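To start, the structure under review is shown below, and the notes come after it.
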Amino acid sequence: MEQTLAGKTALVTAAGNGIGRASALALAGLGATVVATDIDDAAVADVAKGAVQITGQRLDVLDPAAVAKLVGNLPPIHILVNCAGCVHDGTILDCDDSAWDRSFDLNAKAMFRLTKAVLPGMVANGSGSIINIASVVSSLKGAPRRFAYGASKAAIIGMTKAIAADFVKEGIRCNAICPGTVESPSLKGRLAATGDYAAAHAAFTARQPMGRFGTPDEIAAMVCYLAGDMAAFTTGQAFAIDGGWSI
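First residue of the sequence shown: 86, per our numbering; consecutive thereafter.
This is the structure we're talking about:
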């Protein structure tokens with residue numbers, strides 16, 4: 086069965102880099118009309134450059150008015166890919182109220198906000214696919230110094246299942262993807278922040294059963310599968326794509 090997303094409109098957050106960027110390009114490659122959003126104007130413009138099926142728009146997912154305005158000005162969305170997020174480094178003892186709030190605001194509340202804005206149109210259409218980027222570090226697995234991150238990503242899995250249960254009879258599917266360590270600008274920045282990029286890279290690689298990091302394109306492949314009719318019987322699931330880290 087050949088997958089096609091022709092005639093579908095997809096909204097992707099954090100599409101300027103990493104998993105979001107790969108997902109926007111992959112969805113467009115299957116025929117979807119993609120609205121690629123990011124807080125980084127230059128990055129999202131670069132994604133859209135030369136891609137006739139991708140429109141780049143700046144969006145701060147932490148701004149409720151901006152989210153409402155964007156969705157209100159778009160045609161009905163068939164596919165929503167919630168990619169925006171951040172990684173807080175530290176244990177519970179390193180986490181203050183500000184770090185906790187930011188982790189949940191960006192990792193979970195932004196997804197709540199986008200999904201709530203898009204859902205009425207999906208319900209009116211009688212179909213839709215919502216894909217939330219969570220993490221294997223969540224309710225699936227703990228990892229050192231990922232307290233606020235893991236807690237907020239676990240919330241995404243719970244939210245995903247709740248939305249799936251509430252709207253399954255409306256033709257809406259909601260699933261979560263739980264990546265392991267993925268090669269991305271975000272990861273490179275965190276490794277560099279340790280002060281010894283080479284040592285940190287080696288340490289992160291050593292914990293990978295496959296001996297390597299994942300790639301954004303490998304996550305985007307699952308995004309495309311969940312977006313289309315090949316996954317028409319799939320909802321409320323959390324898919325680990327982690328090279329065996331959670332085995």
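All residues carry an ideal CB built from backbone N, CA and C; glycine is no exception.
In this text the structure is predicted, and so the values were computed from the model without any measurement.
Residue i burial status per 10 Å Cβ neighbour count (16 or more: buried)
{"i": "Phe-232", "result": "buried"}
{"i": "Ser-223", "result": "buried"}
{"i": "Tyr-282", "result": "exposed"}
{"i": "Ile-177", "result": "exposed"}
{"i": "Lys-134", "result": "exposed"}
{"i": "Arg-258", "result": "buried"}
{"i": "Gly-238", "result": "Correcting the residue type first, residue 238 is Lys in the shown sequence and not Gly. Buried."}
{"i": "Lys-154", "result": "exposed"}
{"i": "Thr-290", "result": "exposed"}
{"i": "Met-295", "result": "exposed"}
{"i": "Thr-245", "result": "buried"}
{"i": "Ser-188", "result": "buried"}
{"i": "Ser-269", "result": "buried"}
{"i": "Ala-109", "result": "buried"}
Cβ neighbours of residue i in the same chain (closer than 7 Å, five flanking residues each side left out)
{"i": "Ala-127", "result": "none"}
{"i": "Ala-325", "result": "Val-221, Leu-225, Cys-263, Ser-331"}
{"i": "Thr-320", "result": "Ala-249, Val-253, Arg-258, Cys-259, Asn-260"}
{"i": "Asp-179", "result": "none"}
{"i": "Asp-125", "result": "Gly-101"}
{"i": "Met-196", "result": "Asn-167, Asn-217, Ile-241, Met-244"}
Beta-carbon contacts of residue i that lie in its chain and below 8 Å, excluding the five residues immediately before and after
{"i": "Ala-111", "result": "Asp-302, Ala-305, Ala-306, Val-308, Cys-309"}
{"i": "Arg-230", "result": "Asp-174, Gly-175, Thr-176, Asp-179"}
Inter-residue CB distance, residue i and residue j (contact presumed, cutoff 8 Å)
{"i": "Cys-168", "j": "Ala-100", "result": "7 Å"}
{"i": "Ala-316", "j": "Ile-241", "result": "With a Cβ gap of about 18 Å, Ala-316 and Ile-241 do not count as contacting."}
{"i": "Thr-98", "j": "Val-146", "result": "6 Å"}
{"i": "Val-172", "j": "Ser-271", "result": "7 Å"}
{"i": "Gly-141", "j": "Val-129", "result": "4 Å"}
{"i": "Gly-299", "j": "Val-267", "result": "4 Å"}
{"i": "Ile-216", "j": "Ala-312", "result": "6 Å"}
{"i": "Thr-122", "j": "Leu-144", "result": "4 Å"}
{"i": "Asp-327", "j": "Gly-265", "result": "3 Å"}
Chain-order list of residues whose beta-carbon lies under 6 Å from that of residue i (same chain, five-residue window excluded)
{"i": "Gly-211", "result": "Gly-256"}
{"i": "Ala-95", "result": "Leu-112, Ala-117, Val-119, Ile-164"}
{"i": "Met-207", "result": "Gly-213, Ile-257"}
{"i": "Ala-285", "result": "Leu-276, Thr-279"}
{"i": "Pro-161", "result": "Gly-206, Asn-210"}
{"i": "Gly-105", "result": "Val-97, Ala-99, Cys-168"}
{"i": "Ala-107", "result": "Pro-301, Asp-302, Ala-305"}
Assigned secondary structure, residue i (DSSP; H/G/I helix, E/B strand, else coil)
{"i": "Ala-212", "result": "Correcting the residue type first, residue 212 is Ser in the shown sequence and not Ala. In the structure shown, Ser-212 sits in coil (DSSP, three-state: anything other than H, G, I, E or B)."}
{"i": "Ile-332", "result": "coil"}
{"i": "Ala-228", "result": "coil"}
{"i": "Arg-292", "result": "coil"}
{"i": "Arg-297", "result": "coil"}
{"i": "Ala-317", "result": "coil"}
{"i": "Ala-136", "result": "coil"}
{"i": "Ala-202", "result": "helix"}
{"i": "Asn-192", "result": "helix"}
{"i": "Cys-180", "result": "coil"}
{"i": "Gly-235", "result": "helix"}
{"i": "Glu-303", "result": "helix"}
{"i": "Thr-279", "result": "coil"}
{"i": "Thr-89", "result": "coil"}
{"i": "Ser-271", "result": "helix"}
{"i": "Asp-186", "result": "helix"}
Bridge-paired residues (DSSP) for residue i
{"i": "Leu-96", "result": "Val-120, Leu-165"}
{"i": "Val-222", "result": "Lys-226"}
{"i": "Arg-106", "result": "Answer by DSSP bridge pairing: none, since Arg-106 is not bridged."}
{"i": "Pro-264", "result": "Ile-326"}
{"i": "Asn-158", "result": "The partner list for Asn-158 (beta bridge, DSSP) is empty, contrary to what the question assumes."}
{"i": "Gln-142", "result": "Thr-122"}
{"i": "Ile-257", "result": "Gly-213"}
{"i": "Gly-175", "result": "Arg-231"}
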